[in-house]
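What follows is a short report on a single structure.
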């Protein structure tokens, strides 16, 4: 039987996974809790919380482990995790992923950024930051980032046996998807071996980071007088960057014939057009670029382009989307 390195006042070692729909955090949480109980002899529970089951919506997976003699009478969402797994570093834009962590908690991030950059982005005083390029591994192995994240988690959770998770992966996929067994085991092993750690010491007087539950921007207390919706149907402020799984369309202006096949295929109106005069002086719409704020990386435009003016490129963490974004030319109404 495995022995837990630390527990809270109720006897639990707690793990919280922060993700978005489509990256497999729900399945990763189920496999992790199952293997901790079946494969390692612990008592445990795992569950997920999410809204609509669609790509891009926030997902949290909660896993609790305890000794076999400890009864589990707490199935509330985890507010004080010992380990946090963040499946996409763009989540920092909209979610406080590290809410409620201990000063010595370990935070695993799917990212290519440096530990210092992540520490600044997460606004944490210290602890251990673990980094793994789970998206890159998944793209190379033709799997999903969740298996690479599981591999990195097993490096952190050294009280769990990695071999038992390999058996769990095989048991999960071999009946319906036997061709995915070996790629997922390779992905798990790469996540386990390629994760890197950086520890930031904190003073003993450092206060615990308080847990904050996300609140809706508009509710019965925050709505304007009379329940007036002053900005109906507005999607200008939406940001789909957290929905991307590592790939983006890249625009090659020199090849473009302005046929608009890409714009027809795009479900989120990402392409920016401007009316100009053609060679004969006639007005024509010319493609200026892509507004990556609204791009979720589906790559339908790449397949639709007849002249290869769009290609799929890896979204690296050097700000590719921000540097190459062409903002939409919206005419906004101004309230006096």
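Numbering (my numbering), first residue to last: 15 to 350.
Here a beta-carbon is modelled for each residue, glycine too, at the ideal position from N, C-alpha and C.
Contact belief for residue i with residue j at Cβ below 8 Å, rounded distance in angstroms
i           : j           : result
residue 46  : residue 164 : 7 Å
residue 106 : residue 124 : At roughly 12 Å, the Cβ-Cβ gap does not stay under 8 Å, so residue 106 and residue 124 are not in contact.
residue 339 : residue 307 : 7 Å
residue 187 : residue 198 : 6 Å
residue 73  : residue 121 : Rounded, the Cβ-Cβ distance is 17 Å, inconsistent with contact.
residue 94  : residue 28  : 7 Å
residue 328 : residue 260 : 6 Å
residue 76  : residue 60  : 7 Å
residue 138 : residue 212 : Actually they are not in contact, since the Cβ atoms of residue 138 and residue 212 sit about 12 Å apart, beyond 8 Å.
residue 280 : residue 314 : 7 Å
residue 293 : residue 300 : That belief does not hold up - the Cβ atoms of residue 293 and residue 300 are roughly 12 Å apart, past 8 Å.
Cβ pair residue i, residue j closer than 8 Å
i           : j           : result
residue 276 : residue 318 : yes
residue 37  : residue 133 : no
residue 208 : residue 151 : yes
residue 43  : residue 62  : yes
residue 117 : residue 195 : no
residue 316 : residue 269 : no
residue 201 : residue 149 : no
residue 170 : residue 51  : no
residue 167 : residue 53  : no
residue 304 : residue 285 : yes
residue 147 : residue 127 : no
residue 80  : residue 41  : no
residue 30  : residue 92  : yes
residue 83  : residue 145 : no
From the options, residue whose alpha carbon lies closest to that of residue i
i           : options               : result
residue 25  : 48, 58, 43 and 119    : 58
residue 178 : 49, 281 and 265       : 49
residue 287 : 294, 278, 137 and 295 : 278
residue 344 : 127, 283 and 291      : 283
residue 258 : 311, 127 and 142      : 311
residue 256 : 83, 56, 183 and 109   : 109
residue 274 : 235, 254 and 324      : 324
residue 225 : 54, 153, 112 and 341  : 112
residue 130 : 89, 146, 214 and 193  : 214
residue 20  : 31, 155 and 78        : 78
residue 309 : 18, 64, 333 and 254   : 254
residue 155 : 141, 189, 193 and 119 : 193
residue 337 : 85, 264 and 176       : 264
residue 141 : 119, 18 and 135       : 119
residue 326 : 190, 297 and 153      : 153
residue 39  : 64, 267 and 18        : 64
residue 174 : 297, 206 and 189      : 206
C-beta neighbour in chain D for residue i, strict 8 Å
i           : result
residue 337 : In the displayed structure, chain D is absent; only one protein chain is listed.
Endpoints, alpha helix (DSSP H) assigned at residue i
i           : result
residue 206 : 195 to 208
residue 25  : Taken as a continuous stretch (DSSP letters only), residue 25 belongs to no alpha helix (DSSP H), as it is neither H nor E.
residue 294 : Per DSSP, residue 294 belongs to no alpha helix (DSSP H) and is neither H nor E.
residue 131 : 129 to 136
residue 17  : Per DSSP, residue 17 belongs to no alpha helix (DSSP H) and is neither H nor E.
residue 164 : 159 to 170
residue 43  : 39 to 48
residue 278 : 275 to 279
residue 336 : 334 to 338
residue 187 : 176 to 187
residue 314 : 314 to 318
For residue i, the first and last residue of its enclosing beta strand (DSSP E)
i           : result
residue 62  : 57 to 64
residue 263 : 261 to 265
residue 72  : 72 to 80
residue 144 : 141 to 146
residue 100 : 97 to 100
residue 328 : 324 to 328
Residues that DSSP places opposite residue i in a beta bridge
i           : result
residue 286 : 303
residue 124 : 146
residue 30  : 76 and 98
residue 212 : 143
residue 257 : Per DSSP, none; premise fails for residue 257.
Residue i Cβ short of 7 Å to the ligand HEM heavy atom set
i           : result
residue 165 : Only the bare structure without any ligand can be found here, which leaves the ligand HEM out of the picture.
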